[in-house]
Amino acid sequence: AFLLHRLKLHTNSKTQIFPVGMLRGRALDFLGYRIWPTHRRIRKSSIGRIRRTLKILKRKFDSGAIGLDRVAQSILSWVAHAKNADTYGLRLHKLSAFAFRGGNRFQRNNERSI
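Residue numbering for the sequence shown follows my numbering, starting at -19 and increasing by one per position.
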């Protein structure tokens, strides 16, 4: 009633209303984050996805299929997303496991190293 009358919001059949809290509530799952009143974390599925993506990028980079600029784009995009949550340690852990070293590597598709 509050949503409809005070906020003029209509909900669909998938809508769930639940308490969000640390003790008796649960986290709000929204846009790749799990959100509590005091902090935000990244979904476990998002962490697994970046791990798989980094492996693929590493394999393609090592074979020369993509350049360092393409790798940097993907990594910086994920880092920007991850910075909106409490992920400093996670970012260090995930990114330190992969080393992308550019040299005078052959670049395909007119890509250049950065």
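Where a beta carbon is used, it is the ideal one built from N, C-alpha and C, also for glycine. In this text, all values refer to a predicted model and were calculated from it rather than measured experimentally.
| Item | Value |
| --- | --- |
| Find out if the Cβ-Cβ distance for the pair residue 66, residue 20 is shorter than 8 Å. | yes |
| Under the three-state reduction of DSSP, which class applies to residue 6: helix, strand or coil? | strand |
| At what residues does the beta strand (DSSP E) containing residue 21 begin and finish? | 20 to 22 |
| Which residues share a DSSP beta bridge with residue 13? | 10 and 22 |
| Out of -3, 10 and 41, which has the shortest C-alpha to C-alpha gap to residue 81? | 41 |
| Just to confirm my understanding: we take residue 54, look at its own chain, exclude 5 residues before and 5 after, and list those with CB closer than 7 Å. What are they? | 33 and 37 |
| Out of 45, 9 and 35, point me to the one whose CA is closest to residue 77's CA. | 35 |
| Would you report the Cα separation of residue 52 and residue 73, rounded to the nearest angstrom? | 17 Å |
| Under the DSSP definition of a beta bridge, which residues are partnered with residue 0? | 6 |
| If you draw a straight line from the C-alpha of residue -17 to the C-alpha of residue 28, how long is it? | 35 Å |
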